[in-house]
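Numbering (the numbering used here), first residue to last: 626 to 908.
Idealized CB from N, CA, C, for every residue including glycine.
The structure displayed is predicted, hence computed values, not measured ones.
1) Starting from the N-terminal side, write out each stretch of the alpha helix (DSSP H) that is 4 residues or longer and does not extend beyond the segment 690-746.
2) Starting from residue 827, follow the alpha helix (DSSP H) in both directions and report where the run begins and ends.
3) Which residues in the same chain have their Cβ closer than 7 angstroms to the Cβ of residue 779, if we skip the five residues on either side of it in sequence?
4) Within the chosen definition, does the segment 717-737 reach the segment 762-770 through at least 3 CB pairs nearer than 8 angstroms?
5) Below 8 angstroms CB to CB, which residues in the same chain sit around residue 863 once its five sequence neighbours on both sides are set aside?
6) Using the Cβ count rule (16 or more neighbours within 10 Å means buried), how would you classify residue 626?
7) On the three-state DSSP scale, how would you describe residue 902?
8) Assign residue 870 to one of three DSSP states: helix, strand, or coil.
9) By how many angstroms is the C-alpha of residue 808 removed from the C-alpha of residue 905?
10) Would residue 642 and residue 653 qualify as a contact pair, given that the criterion is a beta-carbon distance under 8 angstroms?
11) When we look at the beta-carbon of residue 854 and count the other beta-carbons within 10 Å, is it buried (16 or more) or exposed?
12) Buried or exposed: where does residue 667 fall if 16 or more other Cβ atoms within 10 Å of its Cβ makes it buried?
13) Count the other C-beta atoms from every protein chain shown that fall within 10 angstroms of the C-beta of residue 873, then say buried if there are 16 or more, exposed otherwise.
14) Run through DSSP, which three-state label would residue 885 get?
15) From what residue to what residue does the beta strand (DSSP E) around residue 853 run?
16) Quick one: Cα of residue 632 to Cα of residue 647, how far?
17) Bridge partners of residue 880, per DSSP?
18) Where do the N-terminal and C-terminal ends of the beta strand (DSSP E) with residue 776 fall, by residue?
19) With C-beta atoms as the reference, is residue 710 less than 8 angstroms away from residue 692?
20) So is residue 635 in contact with chain C if we call contact Cβ pairs under 8 angstroms?
21) Given this structure, state the Cα-to-Cα distance separating residue 785 from residue 754, to the nearest angstrom.
22) Along the chain, where does the beta strand (DSSP E) that runs through residue 862 open and close?
23) Are three or more beta carbon pairs between the segment 832-851 and the segment 810-821 nearer than 8 angstroms?
24) If you check the beta carbons only, do residue 869 and residue 886 fall under 8 angstroms apart?
25) In angstroms, rounded to a whole number, what distance separates the CA positions of residue 829 and residue 788?
26) Starting from the C-beta of residue 761, find all residues in its chain whose C-beta is less than 8 angstroms away, skip the five residues before and the five after it, and write them out in chain order.
27) List the whole-angstrom C-beta distance separating residue 671 from residue 657, where the pair is believed to meet the contact cut-off of C-beta under 8 angstroms.
28) Find the nearest neighbour of residue 890 within the set 687, 777, 867, 721, judged by alpha-carbon distance.
29) From residue 698 to residue 745, what distance separates their C-alpha atoms?
Below is the structure:
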């Protein structure tokens, strides 16, 4: 619905601020009128020829069909952002704000980035100043993840604040914190579990391969000589695929283990591990 008409007092107030005081738009104040209403009235006064020497305004350049098609191609086929398009001037004469607005009108861009921007937490001015003071003083050594959780921000946002304030932690400070040590132990446990899982899968696959090879050799016309494992008492073939073979340096003779590879590997996995080495000292 249209707002209330401008009164003569309001127009005189606006003209006085424009013609005499030469104020810009952010500093214009008319009682009972919003900043958008003041800007619209200023545009109307300019078109009426009453602000020729004061306010030149800006020339609007409507988007052409070619520019819109090029924007659709750059965003959908190549996945470029508005900042990247404006930086490289892929659409000449268009600012990042103009490109961003046109992308919003045509529902272009990455939906995940748009969703994060819509749900982003933007701190008011006083809370932003409080956060900056906290990062400069007592929160200097607090990890960014903990600060982000306390303030309801993303960790990257806290890191950006610290980079702008120049309070980033040094290499020694970051790695001497307790949070870093806990994360290091957590990553070590996760890597160890993943490694054990991969080795367990490899042992199962190797057992299947050995049994498949045994079945294939049994079906062959001339199978190798069989050999019994002293641990599991299962009959295998006396080859290097099933038993460990040790050759002497001369290469003239060799010896074959009495334990199959599966039992030998299981025995080595169950053996206690030596994590530290103790060296005797002279008395």
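Taking the structure as given:
1) Given a length threshold of 4 residues, each whole run of the alpha helix (DSSP H) inside the segment 690-746 is given here in chain order: 690-701, 707-713, 721-730, 736-743.
2) 803-843
3) For residue 779, same chain residues with a beta-carbon under 7 angstroms away, outside a window of 5 residues either side, are 773 in chain order.
4) no
5) 849, 850, 851, 852, 881
6) Confidence in residue 626 is poor, its pLDDT being 49 and thus under 50, which makes the residue's placement unreliable; the coordinate value appears in the next sentence. Within 10 angstroms of the beta-carbon of residue 626 lie fewer than 16 other beta-carbons, which makes it exposed.
7) Any reading at residue 902 must be qualified, since the residue scores a pLDDT of 48, below 50, and its modelled position is unreliable; the value itself is stated next. DSSP places residue 902 in coil when its eight states are reduced to three.
8) strand
9) Reliability of the predicted coordinates at residue 905 is poor, the pLDDT of 48 falling under 50, and the value obtained from them is presented with this limitation in mind. Rounded to the nearest angstrom, the two C-alpha atoms are 36 angstroms apart.
10) yes
11) buried
12) buried
13) exposed
14) strand
15) 851-853
16) 21 angstroms
17) 871
18) Where residue 776 is concerned, there is no enclosing beta strand (DSSP E), although the alpha helix (DSSP H) it sits in stretches over 769-776.
19) The Cβ atoms of residue 710 and residue 692 lie no closer than 8 angstroms to each other.
20) Absent from the structure: chain C. Only one protein chain is present.
21) Using only the alpha carbons, I get a separation of about 15 angstroms.
22) 860-862
23) no
24) yes
25) 50 angstroms
26) 790, 792
27) No, residue 671 and residue 657 are not in contact; Cβ-Cβ is about 21 angstroms, not under 8 angstroms.
28) Closest in alpha carbon position to residue 890, among 687, 777, 867, 721, is 867.
29) Here the alpha carbon of residue 698 sits roughly 28 angstroms from the alpha carbon of residue 745.
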